[in-house]
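Here is the structure we will look at.
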Amino acid sequence: MKILENVLLKNLTTMRLGGPARYVIEIESPEEIKVAYEFALKKDLPIFVLGGGANTIAKDEGFNGVIVKNTIQNITINNNKITAMGGTEWDAVVAFACEKGLTGIEALSKIPGLAGAAPVQNIGAYGQELLDTFLSAEVYDFKEKTFKTLQKSDLNFSYRHSILNTTEKNRYFVISITLELKKGEMPRPFYASMEKYIAENDCTDFSPAGIRDIVSKIRAYKLPDPAKIPSAGSFFKNIYLTKAEADEAEANGIPVYYSRNQYSINSGWLIEQAGLKGQLLHGMRVSDKAALILINESAKGYNDLAQARAEIIKIVEEKFGYKLEQEPVEL
Ligand SMILES: Cc1cc2nc3c(=O)[nH]c(=O)nc-3n(C[C@H](O)[C@H](O)[C@H](O)COP(=O)(O)OP(=O)(O)OC[C@H]3O[C@@H](n4cnc5c(N)ncnc54)[C@H](O)[C@@H]3O)c2cc1C
């Protein structure tokens, strides 16, 4: 277990904002999370679990508490079940599955962050979501001070939600996750942007490794690489609608998507139609390739991000009547 003091959160989060965290504890074995919890309790400080910081926004004042990071990395396989320790890079889990010819998470290639965070917001991309393959998670429960296994049904997954970011936020430390995959290929038709890429590039390999390659290339073109360009990925959630709301939106000329028995509007489309794509607001750039993404180009601090966010929300609401909701977690 490593205990670090006064670590700048801008160095631990991909948006590259945030002042010092009082303590950062790197957890190197499951038992150490108990020790870290006791440490926080003794100092009467709050505890926050951080992974790769790809979906977390930190403030300039930092965090007067204890950040715990799962740094335990390992991937094992038993038949078609893969168990990844929470500190493993998520993309390494996808690469491993694809090498074994297993389908279920190949469209989730190149999502930044660690495996332990994957169930928190039920990561999803290009038609796949973590919930499709998720079996269980080994966790430490800060409330009951015990190790537990949470089954898929315990997590109450939905679009970008689980109990881990709603009703039981900050209650559990995910030690490992287990997924159940299948031999075979992702069913067609694929997501529209994948079909477009396939047609334009004459792709013929739709094995898990082939899809991983296609998705990786689309993402490399469209999305900022967090190692080089500061962002937290999609900054706003898509908007989910009832059937009546979807009919109304369509009547107003707004494209509505229907998937997994749900109607939705792409918030990126709203931002683009509001004329904000490519704009620089308070040092934050609305990506010119994917309007849902905010890039920290020259923000002086959290306040610049907050102002840019408020302006985007206001402009979109005034034009379309929909209130955008932030996707990343705030520390
Ligand atoms: C360029 C870019 C592209 C992205 N594309 C996508 C995408 O296509 N689809 C998608 O769904 N997301 C996407 N994201 C968001 C992000 O990659 C995911 O949300 C990812 O799961 C975050 O992982 P992390 O380890 O960085 O989490 P962090 O930001 O560190 O944490 C996120 C949340 O999870 C909690 N948490 C983290 N680790 C644990 C743990 N071990 N136990 C309990 N709680 C934990 C934290 O407390 C926090 O609430 C993208 C982000 C970027 C920067």
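Position one of the sequence shown corresponds to residue 166 (the numbering used here), numbered consecutively onward.
Backbone N, C-alpha and C fix where the C-beta goes; we use that ideal spot for every residue, glycine too.
Can you tell me which of the options puts its alpha carbon nearest to the alpha carbon of residue i?
i      : options                        : result
LEU300 : PHE322, GLY289, LYS310, GLU203 : PHE322
SER358 : GLU350, GLY292, GLU492, ASP319 : GLY292
GLU264 : ILE237, SER372, ASP225         : SER372
PRO354 : ILE383, SER463, ALA364, PRO277 : ALA364
ASN235 : MET351, ASN243, ILE168         : ILE168
ASP297 : LYS317, LEU174, ALA282         : LYS317
SER432 : ALA272, VAL451, LYS199         : VAL451
TYR467 : GLU170, LEU174, LEU182         : LEU182
TYR362 : LYS402, ILE383, TYR324         : ILE383
ILE458 : LYS175, GLN491, TYR423, GLY252 : GLN491
ILE190 : VAL172, LYS224, ILE232, LEU174 : ILE232
ALA290 : ASN403, LYS465, LEU441, ILE436 : ASN403
ALA223 : TYR423, PRO395, ARG325         : PRO395
Looking only at its chain, what residues have a beta carbon closer than 6 Å to the beta carbon of residue i, apart from the 5 residues adjacent to it on each side?
i      : result
ALA473 : LEU446, HIS447, MET449
VAL339 : GLY251, GLY281, ALA302, VAL304
PHE485 : LEU435
ALA464 : GLY448, MET449, LEU470
Does the beta-carbon of residue i, which I'm using as the reference point, lie nearer than 6 Å to any heavy atom of ligand 1?
i      : result
SER432 : no
ILE342 : no
PRO395 : no
ASN239 : no
LEU279 : yes
PHE338 : yes
GLN286 : yes
LEU388 : yes
ASN220 : yes
ILE379 : no
VAL494 : yes
THR179 : yes
ALA455 : no
GLY216 : yes
ALA283 : yes
Can you tell me whether DSSP reads residue i as helix, strand or coil?
i      : result
ARG474 : helix
ILE237 : coil
GLY433 : helix
LYS246 : strand
GLY289 : strand
MET359 : helix
ARG181 : coil
GLU294 : strand
ASN366 : helix
ILE419 : coil
ASN426 : coil
Near residue i, what residues of its chain come up, given a Cβ to Cβ distance below 8 Å and the 5 sequence neighbours on each side ignored?
i      : result
GLY230 : ALA186, ARG187, TYR188, ALA205, LEU210, PRO211, ILE212, PHE213
VAL421 : LEU406, ALA411, ALA414, GLU415, TYR428, SER429, ILE430
In its own chain, which residues sit with a C-beta less than 7 Å from the C-beta of residue i, not counting the 5 before and 5 after it?
i      : result
LYS488 : ILE478, GLU482
ASP306 : LYS313, ARG336, TYR337
THR221 : THR178, LEU215, PRO493, VAL494, LEU496
SER381 : SER274, LYS275
TRP255 : ILE276, GLY278, LEU279, ALA280, ALA283
TYR202 : ILE212, PHE307
LYS387 : LYS454, ALA455
MET180 : ILE222, PRO395, SER396, ALA397, ASN461
ALA219 : THR179, PRO277, GLY278, PRO391, ALA397, GLY398
In whole angstroms, what separates the C-alpha of residue i from that of residue j?
i      : j      : result
GLU303 : ALA257 : 19 Å
GLU360 : GLU415 : 24 Å
THR331 : GLN286 : 9 Å
GLN238 : LYS454 : 33 Å
ASN244 : LYS199 : 32 Å
THR241 : LEU346 : 13 Å
LEU320 : ASP378 : 30 Å
ALA260 : GLN444 : 35 Å
LEU267 : ILE342 : 17 Å
GLY217 : ALA374 : 24 Å
ASN366 : GLU271 : 19 Å
PHE400 : GLU294 : 18 Å
ILE480 : ASP225 : 26 Å
Using a threshold of 6 Å, is the CB atom of residue i nearer than that to any non-hydrogen atom of ligand 3?
i      : result
ALA475 : In the structure on display, ligand 3 does not appear, and the ligands it does have are ligand 1.
Between residue i and chain B, is the shortest Cβ-Cβ distance under 7 Å, so that the two count as touching?
i      : result
LYS348 : Reference to chain B is not applicable here, since this structure consists of a single protein chain.
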